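First the structure, in the form of C-alpha coordinates, and then the observations on it.
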Amino acid sequence: MSTVTLVGTRLAESGTEFVYEGEADGCAGCPYRSQCLNLSRGTKYRVTAVRENAQTLECAMHDGGVRAVEVEPVTVAANVTSKGAYAGSKTSLPGPCPYVECPSHEYCEPDGLEFDEEYRIRDILGEPPHEVCHLDRSLELVELEGEE
(Lines of atoms letter the chains of each structure in order from A; the text may use other names.)
(Lines give C-alpha, C1' and ligand atoms only; values in the text may rest on other atoms or scores of the structure.)
Protein backbone atom coordinates (compact mmCIF):
# COMPACT_ATOMS: atom_id res chain seq x y z
CA MET A 85 0.00 0.00 0.00
CA SER A 86 1.32 3.44 -0.95
CA THR A 87 2.12 6.21 1.49
CA VAL A 88 2.05 9.89 0.50
CA THR A 89 5.11 11.81 1.64
CA LEU A 90 7.30 14.74 0.60
CA VAL A 91 10.72 14.21 -1.00
CA GLY A 92 13.30 16.49 -2.56
CA THR A 93 12.49 17.47 -6.14
CA ARG A 94 15.57 15.57 -7.35
CA LEU A 95 14.10 12.34 -5.94
CA ALA A 96 10.55 13.06 -7.11
CA GLU A 97 10.57 10.72 -10.09
CA SER A 98 8.73 7.43 -10.42
CA GLY A 99 11.11 4.51 -9.84
CA THR A 100 13.62 6.39 -7.68
CA GLU A 101 14.72 4.38 -4.64
CA PHE A 102 16.03 5.79 -1.37
CA VAL A 103 16.59 4.83 2.25
CA TYR A 104 14.69 7.02 4.68
CA GLU A 105 17.12 8.20 7.35
CA GLY A 106 14.71 10.16 9.56
CA GLU A 107 14.64 13.76 10.72
CA ALA A 108 17.51 16.13 9.96
CA ASP A 109 18.52 19.16 12.02
CA GLY A 110 16.97 21.52 9.45
CA CYS A 111 13.52 19.95 9.97
CA ALA A 112 12.97 21.62 13.36
CA GLY A 113 10.12 24.10 13.14
CA CYS A 114 9.13 23.20 9.57
CA PRO A 115 5.37 23.45 8.90
CA TYR A 116 5.53 20.33 6.66
CA ARG A 117 7.21 18.02 9.23
CA SER A 118 4.21 15.72 9.62
CA GLN A 119 4.05 15.20 5.84
CA CYS A 120 7.79 14.48 5.49
CA LEU A 121 8.57 12.51 8.62
CA ASN A 122 5.94 9.80 8.13
CA LEU A 123 8.14 6.91 6.95
CA SER A 124 10.02 4.18 8.86
CA ARG A 125 13.64 5.10 9.57
CA GLY A 126 16.19 2.85 7.84
CA THR A 127 13.66 1.44 5.34
CA LYS A 128 14.25 1.45 1.60
CA TYR A 129 11.42 2.96 -0.47
CA ARG A 130 10.58 3.37 -4.16
CA VAL A 131 8.67 6.36 -5.54
CA THR A 132 5.64 4.86 -7.28
CA ALA A 133 3.94 8.07 -8.40
CA VAL A 134 4.47 11.82 -8.34
CA ARG A 135 1.33 13.69 -7.33
CA GLU A 136 -0.08 15.65 -10.27
CA ASN A 137 -0.46 19.41 -9.87
CA ALA A 138 1.32 19.33 -6.50
CA GLN A 139 3.27 22.48 -5.83
CA THR A 140 6.94 22.56 -4.90
CA LEU A 141 7.32 23.57 -1.27
CA GLU A 142 10.35 25.33 0.22
CA CYS A 143 12.62 23.15 2.33
CA ALA A 144 15.65 23.87 4.53
CA MET A 145 17.23 20.51 3.56
CA HIS A 146 16.50 20.28 -0.18
CA ASP A 147 17.74 23.22 -2.25
CA GLY A 148 15.13 22.60 -4.96
CA GLY A 149 12.28 22.20 -2.46
CA VAL A 150 10.05 19.16 -1.92
CA ARG A 151 7.15 17.55 -3.81
CA ALA A 152 4.36 15.16 -2.84
CA VAL A 153 4.91 11.59 -4.01
CA GLU A 154 3.57 8.12 -3.31
CA VAL A 155 6.11 5.59 -2.01
CA GLU A 156 6.15 1.91 -1.11
CA PRO A 157 8.72 -0.15 0.81
CA VAL A 158 10.76 -2.30 -1.59
CA THR A 159 12.26 -5.74 -1.41
CA VAL A 160 16.02 -5.83 -0.99
CA ALA A 161 18.44 -8.33 -2.55
CA ALA A 162 20.85 -9.62 0.08
CA ASN A 163 23.27 -12.45 0.80
CA VAL A 164 22.24 -14.58 3.77
CA THR A 165 23.51 -17.82 5.27
CA SER A 166 22.50 -20.70 2.98
CA LYS A 167 21.46 -23.03 5.81
CA GLY A 168 17.73 -22.66 6.43
CA ALA A 169 17.25 -20.10 3.64
CA TYR A 170 13.94 -20.75 1.90
CA ALA A 171 11.02 -18.58 0.79
CA GLY A 172 8.88 -17.60 3.75
CA SER A 173 11.55 -18.18 6.41
CA LYS A 174 13.02 -15.44 8.57
CA THR A 175 16.72 -14.65 8.53
CA SER A 176 19.22 -11.96 9.41
CA LEU A 177 22.34 -10.73 7.67
CA PRO A 178 25.48 -12.72 8.54
CA GLY A 179 27.44 -9.61 9.53
CA PRO A 180 29.68 -6.91 8.09
CA CYS A 181 32.29 -7.63 5.44
CA PRO A 182 35.50 -5.63 4.99
CA TYR A 183 36.01 -6.77 1.36
CA VAL A 184 34.47 -3.76 -0.41
CA GLU A 185 35.91 -4.76 -3.82
CA CYS A 186 34.02 -8.09 -3.78
CA PRO A 187 31.18 -8.23 -6.35
CA SER A 188 28.86 -9.41 -3.54
CA HIS A 189 29.66 -6.60 -1.09
CA GLU A 190 26.51 -4.61 -1.94
CA TYR A 191 24.46 -7.74 -1.12
CA CYS A 192 26.36 -8.51 2.10
CA GLU A 193 25.83 -4.94 3.37
CA PRO A 194 22.65 -3.83 1.54
CA ASP A 195 21.19 -0.35 1.98
CA GLY A 196 18.12 -0.23 4.19
CA LEU A 197 18.87 -3.36 6.26
CA GLU A 198 20.41 -3.77 9.71
CA PHE A 199 22.61 -6.64 10.90
CA ASP A 200 20.71 -7.13 14.17
CA GLU A 201 17.22 -7.38 12.61
CA GLU A 202 15.28 -10.32 11.18
CA TYR A 203 13.70 -10.21 7.73
CA ARG A 204 11.37 -12.55 5.85
CA ILE A 205 12.72 -14.14 2.67
CA ARG A 206 10.36 -13.48 -0.21
CA ASP A 207 12.28 -15.42 -2.86
CA ILE A 208 15.54 -17.29 -3.44
CA LEU A 209 17.51 -15.62 -6.25
CA GLY A 210 20.36 -18.15 -6.38
CA GLU A 211 24.13 -18.00 -6.09
CA PRO A 212 25.82 -14.75 -5.04
CA PRO A 213 27.87 -12.97 -7.73
CA HIS A 214 31.24 -13.74 -6.08
CA GLU A 215 33.31 -16.84 -6.86
CA VAL A 216 34.82 -17.17 -3.38
CA CYS A 217 33.70 -15.67 -0.06
CA HIS A 218 36.84 -14.33 1.63
CA LEU A 219 35.15 -14.81 5.02
CA ASP A 220 34.43 -18.46 4.16
CA ARG A 221 30.67 -17.99 4.45
CA SER A 222 28.21 -20.25 2.65
CA LEU A 223 25.78 -17.69 1.21
CA GLU A 224 22.59 -17.58 -0.83
CA LEU A 225 21.33 -14.50 -2.71
CA VAL A 226 17.73 -13.84 -1.65
CA GLU A 227 15.04 -11.18 -1.93
CA LEU A 228 14.01 -9.90 1.50
CA GLU A 229 10.63 -8.27 2.09
CA GLY A 230 10.49 -4.57 2.84
CA GLU A 231 8.69 -3.30 5.93
CA GLU A 232 4.93 -3.01 5.73
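My numbering runs 84 ahead of the 1-based position in the sequence shown.
Note that CB positions come from ideal geometry on N, CA and C, so glycine has one too.
Since the structure is predicted, the reported quantities are computational estimates derived from the model, not experimental observations.
C-beta contact flag for residue i and residue j at 9 Å
| i | j | result |
| --- | --- | --- |
| V158 | Y191 | no |
| L228 | I208 | no |
| S238 | C217 | The requested residue 238 is not part of the displayed model; the chain covers only 85 to 232. |
| T87 | N137 | no |
| K174 | S222 | no |
| E97 | V131 | yes |
| C143 | C181 | no |
| T93 | G149 | yes |
| R117 | E105 | no |
For residue j and residue i, believed in contact at Cβ under 8 Å, the rounded distance
| i | j | result |
| --- | --- | --- |
| E224 | G126 | Not quite, the Cβ-Cβ distance comes to about 23 Å (not below 8 Å), so this is no contact. |
| V91 | R151 | 7 Å |
Segment limits, alpha helix (DSSP H) that includes residue i
| i | result |
| --- | --- |
| Y191 | H189 to C192 |
| R117 | R117 to C120 |
C-alpha distance - residue i paired with residue j, whole-angstrom precision
| i | j | result |
| --- | --- | --- |
| S124 | V103 | 9 Å |
| V153 | D220 | 43 Å |
| T100 | D109 | 24 Å |
| A161 | A133 | 23 Å |
| N163 | Y183 | 14 Å |
| M145 | Y203 | 31 Å |
| L95 | G179 | 30 Å |
| A169 | V226 | 8 Å |
| Q259 | E215 | Residue 259 lies beyond the stretch modelled for the chain, which goes from 85 to 232, so this question has no answer here. |
| L141 | D200 | 37 Å |
| C111 | E156 | 22 Å |
| E193 | G210 | 17 Å |
First through last residue of the beta strand (DSSP E) which encompasses residue i
| i | result |
| --- | --- |
| S210 | Here residue 210 turns out to be Gly, not Ser, going by the sequence shown. Taken as a continuous stretch (DSSP letters only), the beta strand (DSSP E) holding G210 covers Y203 to G210. |
| V158 | Careful: V158 lies outside any beta strand (DSSP E) and carries neither H nor E. |
| T89 | T87 to G92 |
| E215 | That residue, E215, is in no beta strand (DSSP E); it is neither H nor E in DSSP. |
| N226 | According to the sequence as given, residue 226 is Val; it is not Asn. Per DSSP, V226 belongs to the beta strand (DSSP E) from L223 to L228. |
| R130 | K128 to V134 |
| V184 | V184 -> no beta strand (DSSP E), and no H or E assigned at all. |
Residue i Cβ short of 8 Å to the ligand ATP heavy atom set
| i | result |
| --- | --- |
| C143 | Looking at this structure, you won't find the ligand ATP or any other ligand, since it has none at all. |
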